[in-house]
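Below is one structure, written out as structure tokens, with a few remarks after it.
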Amino acid sequence: MQQKRRIGQAQKRLKNIPPYLYDWLYASGSLTQQLTRLAHGQFHVQPIQSSFERLTFKDSQWLNMPSSHTSWVREAFLFGCEDEPWVKATSIFPILSLQRKARIFRYLGKRPIGFFLFQRTFPLCERRVIYLSEGWTRQSAYTWHGCKFIVQETFLPTFEQFIQDMSIVRPSNSE
């Protein structure tokens, strides 16, 4: 009964996605490029932390990997043309996925993941949208050159206010 209640609440909340944010949550392509266009060329990444962690049960199911599997997790803020961050990004790279071409993701520093992820490629993407305490969030499970990982992007209140003030409803999906 408790699980049905949670599912019902989650479905009800998804129906409450603000119209100005809906297209951003479901946009395809590089969020890095979309935010850069929105901010007229201004964009930067501020890493918060990175660490090795076990996959959560939910993420391990989504990636079809054991939950005991270790992953490299990177958290960063994404900034546009304002002093406050627009997006909190969390990337979850299972260790097995950080091989071959995907090794570059382990050494991103202040570079955005989207710069490498969408460079001459169109990775497979499964998307889910959830609401977290920090705001509306899109979680994307990417398959890139045979490697699977999750990128979670939470749109912060500063971003929501900016797009409302600018009356910008739709991101550009072009690569």
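If you read the sequence shown in our numbering, its first letter stands for residue 26, the second for the next number, and so on.
Quick reminder that beta carbons are idealized off the backbone N, C-alpha and C, glycines included.
(1) Please go through the same chain and pick out, in chain order, the residues whose beta-carbon is closer than 8 Å to the beta-carbon of Glu159, but skip the five residues on each side of it.
(2) Exposed or buried, which one is Gly66 when buried takes at least 16 other CB atoms within 10 Å?
(3) When the Cα atoms are used, what is the spatial distance from Ser116 to Ile188?
(4) Write down every uninterrupted run of the beta strand (DSSP E) in the stretch 38 to 101 whose length is 3 residues or greater and which is fully enclosed by it, in chain order.
(5) Which residues in the same chain have their Cβ closer than 7 Å to the Cβ of Arg163, if we skip the five residues on either side of it in sequence?
(6) Have a look at Met191 and Gly54 and give me their C-alpha separation to the nearest angstrom.
(7) If you draw a straight line from the C-alpha of Phe68 to the C-alpha of Leu60, how long is it?
(8) Quick one: using the 10 Å Cβ neighbour count with 16 as the cut-off for buried, is Phe104 buried or exposed?
(9) Cα separation between Gln36 and Tyr47?
(10) Per DSSP, what are the beta-bridge partners of Gln189 in this structure?
(11) Are the beta-carbon atoms of Phe102 and Gln71 separated by less than 9 Å?
(12) Let me know if Leu63 comes out buried or exposed under the rule of 16 or more other beta-carbons within 10 Å of its beta-carbon.
(13) Give me the Cα-Cα distance between Ile73 and Lys40, rounded to the nearest whole angstrom.
(14) Could you name the residues of the same chain whose beta carbon sits closer than 7 Å to that of Thr183, not counting the 5 residues immediately before and after it, in chain order?
(15) According to the neighbour-count rule (16 or more other Cβ atoms, all chains shown, within 10 Å of its Cβ), is Pro119 buried or exposed?
(16) With distances taken from CA atoms, which of Lys135, Tyr156, Trp161, His170 is nearest Leu149?
Inspection of the coordinates gives the following:
(1) Indexing the sequence shown from 1 puts residue 159 at position 134. A distance below 8 Å between beta-carbons, with the five flanking residues on each side excluded, links Glu159 to the following residues of its chain, in chain order: Lys113, Thr179, Leu181.
(2) The residue you call residue 66 lines up with position 41 of the sequence shown. Classification of Gly66: exposed, given that the 10 Å Cβ count is below 16.
(3) Within the sequence shown, residue 116 is the residue found at index 91, counting from 1. Within the sequence shown, residue 188 is the residue found at index 163, counting from 1. Approximately 24 Å between the Cα atoms of the pair.
(4) Runs of the beta strand (DSSP E) inside the stretch 38 to 101: 69 to 79.
(5) The sequence position of residue 163 within the sequence shown is 138, counting from 1. Its chain contains Leu50, Arg152, Val154, Glu178 as the residues whose beta carbon lies nearer than 7 Å to that of Arg163, once the 5 sequence neighbours on both sides are disregarded; these appear in chain order.
(6) Taking the first residue of the sequence shown as 1, we reach residue 191 at position 166. Taking the first residue of the sequence shown as 1, we reach residue 54 at position 29. If you draw a straight line from the Cα of Met191 to the Cα of Gly54, it comes to about 22 Å.
(7) Working through the sequence shown from its first residue, we reach residue 68 at position 43. Working through the sequence shown from its first residue, we reach residue 60 at position 35. In a straight line, the C-alpha of Phe68 is about 7 Å away from that of Leu60.
(8) Position 79 of the sequence shown, counting from 1, holds the residue named residue 104. The residue in question, Phe104, is buried, as its Cβ has 16 or more Cβ neighbours within 10 Å.
(9) The residue given as residue 36 occupies position 11 in the sequence shown. The residue given as residue 47 occupies position 22 in the sequence shown. Because Gln36 carries a pLDDT of 47, less than 50, the predicted location of this residue cannot be relied on, and the following value inherits that uncertainty. The alpha-carbon atoms of Gln36 and Tyr47 are separated by roughly 15 Å.
(10) Position 164 of the sequence shown holds residue 189. Paired residues: none, contrary to the question.
(11) Position 77 of the sequence shown, counted from the first residue, corresponds to residue 102. Position 46 of the sequence shown, counted from the first residue, corresponds to residue 71. Taking 9 Å as the cut-off, the beta carbon of Phe102 is found closer than this to the beta carbon of Gln71.
(12) As a first step, residue 63 is located in the sequence shown; it is residue number 38 there, counting from the start. Around the Cβ of Leu63, a 10 Å sphere holds 16 or more other Cβ atoms; the residue is buried.
(13) By one-based count along the sequence shown, residue 73 stands at place 48. By one-based count along the sequence shown, residue 40 stands at place 15. A direct Cα-to-Cα measurement between Ile73 and Lys40 gives close to 31 Å.
(14) Along the sequence shown, read from residue 1 onward, the residue named residue 183 stands at position 158. So the qualifying residues of the chain are Glu107, Glu109, Pro110, Trp111.
(15) Residue numbering aside, residue 119 sits at position 94 when the sequence shown is read from its first letter. So Pro119 ends up on the buried side.
(16) Against the sequence shown, residue 149 aligns to sequence position 124. Selection Lys135, Tyr156, Trp161, His170 evaluated against Leu149 yields His170 as nearest (Cα-Cα).
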